[in-house]
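A.B. asks: Below are the structure tokens for one structure; questions will follow.
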Amino acid sequence: MARVWAVETWHVERGCEPLWIQSPRAVWITVRQPGSLSMVDAHRLGRVSVCRVVVLVSGGGSNLAALFDAAADPAYGVEIVAVGADRHGTGGVELACARGLHTFVERVSDYEDRADWDAALTAACAEHEPDLVVSAGFLKICGPRFLAEFGGRYLNTHNSLLPSFAGIHGPADALAYGVKLAGATLFVVDEGVDTGVILAQVAVPVEDDDDVDTLTERIKVAERAQLVDVVGRMAREGWTIEGRRARIGA
């Protein structure tokens, strides 16, 4: 089975027996044949003008600010439609408010259990009909309901070259192990922790005099540039996920 997000909306003839969902902006198609959309009988219905993105934050919003800067150019292909957080007083939400964007805060402590929080976060994001949800330093693990709603289109970035050094101490673990290349990974979130399908990776050389702080800062710079580049490419070109492999563009 191949699941495809297209930057154009498509209709697939019933003879192919697909599962398909169509919206004005995007369409998910599950087809029986492996490969690309060219392997099914599809007909274009319309053109997607922009990819709607909800960004989730927990802190100051440096990655969000970079996405804002990129999205200011219409050619980037992205409209950030809302920013959400898991706590009050984040710099990321303040950045969004300054731009007049919709914001929301869903704190785990405001709900009876984690499942209720997960449902509330899902509803808050879904209200804005995003084509992509991007974690830009969001420090909460989303649950089954959120992943069911946004599976295949919820992105996160991690400060290591996954699958090496997953978890919250990526740069420190890389230094402790003695690797010569660290880096950052952009991936599609799944039920695990830092285990989703990899979309892109960027390597950052480890210098002899690096400590955790210096390496972390250099990784952040590369990580931010990769996030901005890949989100834009996905918005403009679409992407395909087959098993553990992802491809951006046709």
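Per this note's numbering, residue 9 is the first one in the sequence shown, and the count goes up by one each step.
Virtual Cβ for every residue (Gly too), placed ideally from N, Cα, C.
Bear in mind the structure is a predicted one, so any value in this text is a computation, not a measurement.
On a Cα-Cα basis, can you pick out the residue from Glu87, Tyr84, Thr111 and Arg107 that is closest to Gly97?
C.D. replies: Here residue 97 refers to the residue found at position 89 when the sequence shown is read from its first residue. Checking every option, the nearest Cα to that of Gly97 belongs to Thr111.
A.B. asks: Any idea what DSSP makes of Asn167, helix, strand or coil?
C.D. replies: As a position in the sequence shown, residue 167 is number 159, starting the count at 1. Of the three classes helix, strand and coil, the one that applies to Asn167 here is coil, per DSSP.
A.B. asks: So, helix, strand or coil for Thr224, using DSSP?
C.D. replies: Position 216 of the sequence shown holds residue 224. Per DSSP, reduced to three states, the secondary structure at Thr224 is helical.
A.B. asks: In the DSSP assignment, find the beta strand (DSSP E) that holds Gly204 and state where it starts and stops.
C.D. replies: Along the sequence shown, one-based indexing puts residue 204 at 196. It is not in any beta strand (DSSP E) - Gly204 carries neither H nor E in the DSSP assignment.
A.B. asks: Alpha carbon to alpha carbon, what distance is there between Leu207 and Pro152?
C.D. replies: Mapped onto the sequence shown, residue 152 falls at position 144. Mapped onto the sequence shown, residue 207 falls at position 199. As the crow flies, the alpha-carbon of Pro152 is around 21 angstroms from that of Leu207.
A.B. asks: Which residues in the same chain have their Cβ closer than 7 angstroms to the Cβ of Gln234, if we skip the five residues on either side of it in sequence?
C.D. replies: Locating residue 234 in the sequence shown gives position 226, where the first residue counts as 1. Only Ala192, Leu194, Ala208 and Val210 meet the Cβ criterion.
A.B. asks: Using CA atoms only, rank isn't needed, just tell me which of Thr165, Glu250 and Gly251 is closest to Asn71.
C.D. replies: As a position in the sequence shown, residue 71 is number 63, starting the count at 1. The candidate whose alpha carbon is nearest that of Asn71 is Thr165.
A.B. asks: Mind checking whether Val236 and Val141 have CB atoms under 9 angstroms apart?
C.D. replies: One-based indexing of the sequence shown puts residue 236 at position 228. One-based indexing of the sequence shown puts residue 141 at position 133. Their beta carbons are not under 9 angstroms apart, which means Val236 does not touch Val141 by this criterion.
A.B. asks: Locate the alpha helix (DSSP H) running through Phe195, then write down its first and last residues.
C.D. replies: Along the sequence shown, read from residue 1 onward, the residue named residue 195 stands at position 187. Unbroken run through Phe195 is the beta strand (DSSP E), Leu189 to Val196; no alpha helix (DSSP H).
A.B. asks: Which of helix, strand or coil does DSSP assign to Thr111?
C.D. replies: Here residue 111 refers to the residue found at position 103 of the sequence shown. Of the three classes helix, strand and coil, the one that applies to Thr111 here is strand, per DSSP.
A.B. asks: Select from Asp219, Gly175 and Ala190 the residue whose C-alpha is nearest the C-alpha of Gly200.
C.D. replies: Against the sequence shown, residue 200 aligns to sequence position 192. Checked all of Asp219, Gly175 and Ala190; the closest Cα to Gly200 is Gly175.
A.B. asks: What three-state label does DSSP hand Val236 in the structure shown?
C.D. replies: For the purposes of this step, residue 236 is taken as the residue at position 228 of the sequence shown. Here Val236 sits in helix by DSSP.
A.B. asks: Between which two residues does the alpha helix (DSSP H) harbouring Cys133 extend?
C.D. replies: Residue 133 sits at position 125 when you count from the first residue of the sequence shown. Residues Arg122 to Ala134.
A.B. asks: Is any beta-carbon of chain B found at less than 9 angstroms from that of Gly200?
C.D. replies: Structure shown: chain B not included; a single protein chain is present.
A.B. asks: How do the region 113–126 and the region 88–95 stand: do at least 3 beta-carbon pairs fall below 8 angstroms, yes or no?
C.D. replies: With a cut-off of 8 angstroms, the region 88–95 and the region 113–126 count as touching, because enough Cβ pairs lie within range.
A.B. asks: Return yes when the Cβ of Val220 is within less than 9 angstroms of the Cβ of Pro171, no when it is not.
C.D. replies: Here the question's residue 171 lines up with position 163 in the sequence shown. Here the question's residue 220 lines up with position 212 in the sequence shown. Contact flag unset, no.
A.B. asks: Grab me the residues of Ala243's own chain with a C-beta within less than 6 angstroms of its C-beta, minus the 5 sequence neighbours each way, in chain order.
C.D. replies: Translated into the one-based positions of the sequence shown, residue 243 becomes position 235. Contacts found: Cys59, Gly85 and Val86.
A.B. asks: Under 8 angstroms by Cβ, that's how I've got Arg232 and Ala74 pegged, so tell me the actual separation to the nearest angstrom.
C.D. replies: Taking the first residue of the sequence shown as 1, we reach residue 232 at position 224. Taking the first residue of the sequence shown as 1, we reach residue 74 at position 66. Contact between Arg232 and Ala74 holds, with the beta-carbon distance rounding to 5 angstroms and staying under 8 angstroms.
A.B. asks: Who are the Cβ neighbours of Gly23 in its own chain at under 6 angstroms, not counting the five residues just before and after it?
C.D. replies: Numbered from 1 along the sequence shown, position 15 holds the residue referred to as residue 23. Because Gly23 carries a pLDDT of 35, less than 50, the predicted location of this residue cannot be relied on, and no value is offered for it.
A.B. asks: Go ahead and pull the three-state DSSP assignment for Arg255.
C.D. replies: On the sequence shown, residue 255 is found 247 positions in, with the first residue counted as 1. Here Arg255 sits in strand by DSSP.
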